[in-house]
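Trainee: Structure in structure tokens, see below.
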Amino acid sequence: DWELYGVHQELDPQVKLQKIAEAERILGWMRNLDLSSKEPLATDESSEAHERK
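Here the working numbering is used: the first residue of the sequence shown is 135, the next is one more, and so on.
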């Protein structure tokens with residue numbers, strides 16, 4: 135798969151700044167999500183996954 139993902143492409147500096155700003159915005163949104171109500175489900179799924187090994 136390195137052939138697909140190892141290709142270096144030049145990126146316009148303005149586009150790069152836009153992509154970084156968008157990534158930071160999304161990261162901030164994700165960090166502010168309240169996922170506490172999902173914890174029991176995640177714990178159950180994790181336990182189930184470990185049991186299948």
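All residues carry an ideal CB built from backbone N, CA and C; glycine is no exception.
Quantities reported herein were computed from a predicted structural model and do not represent experimental measurements.
Tell me the rounded alpha-carbon separation between L175 and K187.
Mentor: Going by the C-alpha atoms only, they are around 19 angstroms apart.
Trainee: Are the beta-carbon atoms belonging to L161 and K153 less than 9 angstroms from one another?
Mentor: Against a cut-off of 9 angstroms, the Cβ pair of K153 and L161 comes out as no contact.
Trainee: Distance check for Q143 and L169, CA to CA, integer angstroms please.
Mentor: Cα to Cα, the separation comes out at about 36 angstroms.
Trainee: Determine the DSSP secondary structure at H184, reduced to helix, strand or coil.
Mentor: Helix at H184.
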